[in-house]
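Below you'll find the structure, written out as structure tokens, and then a few comments.
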Amino acid sequence: VILLLNSPKMKYVAAALLVSLSGKNADKNSVKKVLESVGADVDDGKLGDLLAKLADKNIEDLKSAGLEKLSAVPSGGGVAVAASAAGGAAAAPAASEEKKEESEEESDDDMGFGLFD
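When you read off a place in the sequence shown, starting at 1, and then add 8, the result is the number in the numbering used here.
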């Protein structure tokens, strides 16, 4: 599928994949029917080019190869983790200050009486 991204219009690729997912063979009529059902204009030349590229390929194999390539693409999750770790380190001193304030407030509890006694 990744190799097909260089085609001029992804709508043809998407329609061919939808036909394939339905269990049918992605031929010109079935792909054209999907595109026309959503009101898309169909260029028979572009559709023919795509189907010629797909003629000797298994769509399931193309999807698997594309997923393998996508798994190697960084998703940016490491940056968020680093940022949250830095934020967590900054929050740690604030938490210790809150504990010190709470310990001073807790010392008031030793006055010999409680609120609900």
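Every residue, glycine too, gets a C-beta built ideally from N, C-alpha and C.
Check whether residue i and residue j have beta carbons under 8 Å apart
i, j, result
"Lys40", "Gly56", "no"
"Ala24", "Ala34", "yes"
Beta-carbon contacts of residue i that lie in its chain and below 6 Å, excluding the five residues immediately before and after
i, result
"Ser28", "Ala34, Ile67"
Buried/exposed call for residue i, threshold 16 Cβ in 10 Å
i, result
"Leu75", "exposed"
"Lys19", "buried"
"Leu58", "buried"
"Leu62", "buried"
"Phe124", "exposed"
Cβ-based neighbour list, residue i, same chain, cut-off 7 Å, excluding 5 preceding and 5 following
i, result
"Val26", "For the sequence presented, residue 26 should be read as Leu rather than Val. The residues are Val42."
"Glu44", "Val50"
"Ala48", "Lys19"
Proximal residues to residue i (C-beta, below 8 Å), its chain only, five neighbours per side dropped
i, result
"Asp51", "Lys17"
"Asp69", "none"
"Ser38", "Val27, Lys32"
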